[in-house]
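See below for the structure under consideration.
There are 2 protein chains.
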Amino acid sequence: MPQRQRYLFVCVNRRPDGTPKGSCAQRSAVEIHAALKDGLKDRGLAKTEVRACTSSCLDVCWAGPVIAVEPDGYFYGRVTLEDVPELLESLANGTRVERLVLPSNDFDEKTAAPPLPAPKSKPAEGQEP
Amino acid sequence: MPQRQRYLFVCVNRRPDGTPKGSCAQRSAVEIHAALKDGLKDRGLAKTEVRACTSSCLDVCWAGPVIAVEPDGYFYGRVTLEDVPELLESLANGTRVERLVLPSNDFDEKTAAPPLPAPKSKPAEGQEP
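Sequence lines, in order, name chains C and R.
Start counting the first sequence at 3; every next residue gets the next number (this note's numbering).
Start counting the second sequence at 3; every next residue gets the next number (this note's numbering).
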């Protein structure tokens, strides 16, 4: 396989529940990575154009889930599973989804825009929601 | 913290022992990542200049351990723990260690240069070497 034109590094770091700044995995980053990987494969892009990888903490937890898009050098933030089709479309077209690109103020927790709402706790198995 | 000037994605994928193409973790990638992270911190580079992250498989297993250097867009390959001081020095200087940069033929297993020697098996705990 050739070097891909683009690599996505999806942070899948997980912190204990209740940590104030949260973590990407708590906000569905593992599922987002899987959906990107499957979608790239389905579109025939995975082996040549774009590879979706997971990464350890990218130190932008408050804006998670975050994805480093390389070698372009920008980060997507506050990504949800619902954003995946639009991300795949933009990757196929070589464009980017501007509304998800993190501006420089988001790299500092003190100046960042608000995080995504905390995920709802899942009811324990066998328990009613 | 600002967005770093540079991110290192050290593949730490591990395959079962005996897999022909090997894997980065079998060739000390976890230790290489830790040494890079510590070295960047010691030099005061970690919070502003360079962040060392781990990643899932970068699909260049035969040339592992591999490190994607972003947003520069090149990969280091066949990295050993002994290379870490030179890598840190180059990161501090904004240069690169040319002898470790993977050429395009290394991205295809069929045309790649030989892999690093297979790691020696470690004796089980309590067992003599």
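Note that the Cβ used here is the ideal one computed from N, Cα and C, for glycine as well.
Which one of the options has the shortest CA to CA distance from residue i?
| i | options | result |
| --- | --- | --- |
| C:P87 | C:A65, C:V14 and C:K39 | C:K39 |
| C:L104 | C:V14, C:C63, C:M3 and C:A120 | C:C63 |
| R:Q7 | R:A31, R:T21 and R:V52 | R:V52 |
| R:E111 | R:R16, R:H35, R:D61 and R:Q28 | R:D61 |
| R:A114 | R:G46, R:Q28, R:R80 and R:L47 | R:R80 |
| C:S58 | R:V14, R:A120, R:P121 and R:P119 | R:V14 |
| R:E33 | R:R45, R:A48, R:K23 and R:R16 | R:R16 |
| C:R45 | C:L89, C:T21 and C:K23 | C:L89 |
| R:A48 | R:L83, R:T82, R:A94 and R:K23 | R:A94 |
| R:Y9 | R:K23, R:P22, R:H35 and R:T21 | R:H35 |
| R:L83 | R:T21, R:P22 and R:A37 | R:A37 |
Can you pull the chain R residues whose beta carbon is under 7 Å from the beta carbon of residue i, in chain order?
| i | result |
| --- | --- |
| C:T56 | S57 and S58 |
| C:D61 | M3 and R53 |
Pull up the CB-CB distance for residue i and residue j, whole angstroms please, since I reckon it's below 8 Å.
| i | j | result |
| --- | --- | --- |
| C:L102 | C:D74 | So it is not a contact: roughly 13 Å between Cβ atoms. |
| R:V68 | R:C26 | 6 Å |
| R:P4 | R:T56 | That belief does not hold up - the Cβ atoms of R:P4 and R:T56 are roughly 21 Å apart, past 8 Å. |
| C:G24 | C:P116 | Contact flag wrong, Cβ pair sits at about 12 Å. |
Given that residue i touches chain C, what residues does it touch there, using C-beta distances under 8 Å?
| i | result |
| --- | --- |
| R:R16 | Under the 8 Å cutoff, chain C gives no residues; its nearest Cβ is about 14 Å from R:R16. |
In chain R, what lies closer than 9 Å to residue i by C-beta?
| i | result |
| --- | --- |
| C:D19 | In chain order: nothing, as chain R lies at least about 23 Å away. |
So, using beta-carbon positions, are residue i and residue j closer together than 7 Å?
| i | j | result |
| --- | --- | --- |
| C:L42 | C:A54 | yes |
| C:A65 | C:D19 | no |
| R:Q28 | R:P119 | no |
| C:F11 | R:F11 | yes |
| R:S106 | R:R98 | no |
Below 6 Å, is the gap between the Cβ of residue i and the nearest heavy atom of the ligand ATP?
| i | result |
| --- | --- |
| C:S58 | Because no ligand of any kind appears in the structure shown, any question about the ligand ATP cannot be addressed here. |
Determine which residues of the region 93-110 of chain C have a Cβ less than 7 Å from any Cβ of chain D, and write them out in chain order. Included in the structure are the protein chains C and R, with no chain D among them.
Please name the residues in the region 63-84 of chain C whose beta-carbon is closer than 8 Å to at least one beta-carbon of chain R, in chain order. A70, E72, P73, D74, G75 and F77
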